[in-house]
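Q: I'd like to ask some things about the structure below.
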Amino acid sequence: MSANEDQEMELEALRSIYEGDESFRELSSVSFQYRIGENAEYISQVTGSSRS
Numbered sequence: 012m013s014a015n016e017d018q019e020m021e022l023e024a025l026r027s028i029y030e031g032d033e034s035f036r037e038l039s040s041v042s043f044q045y046r047i048g049e050n051a052e053y054i055s056q057v058t059g060s061s062r063s
């Protein structure tokens, strides 16, 4: 399996796990954000590298 195929599978898994969760945001295909707390007091953001 190529790196791009792996990345697509991981992206699909993330979308599936957090589908409907208003605290989760996909900022781009490599950047994600999760807000924690009633007023989003804490924000966890993960950004990966883009693969070509």
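Residue 12 is where the sequence shown starts when you use our numbering, and the numbers rise one by one after that.
Think of the CB as a built atom: it goes at the ideal place given N, C-alpha and C, for glycine as much as any other residue.
Please report how far the alpha carbon of Glu33 lies from the alpha carbon of Gln56, in whole angstroms.
A: Cα to Cα, the separation comes out at about 15 Å.
Q: Determine the direct distance from the alpha carbon of Arg26 to that of Tyr53, and round the result to whole angstroms.
A: So the alpha carbons of these two residues sit roughly 21 Å apart.
Q: From Ser40 to Ile47, what distance separates their C-alpha atoms?
A: Cα-Cα distance, rounded: 21 Å.
Q: Starting from Ser34, follow the beta strand (DSSP E) in both directions and report where the run begins and ends.
A: That residue, Ser34, is in no beta strand (DSSP E); it is neither H nor E in DSSP.
Q: Within the continuous beta strand (DSSP E) that includes Ser60, where are the two ends?
A: Careful: Ser60 lies outside any beta strand (DSSP E) and carries neither H nor E.
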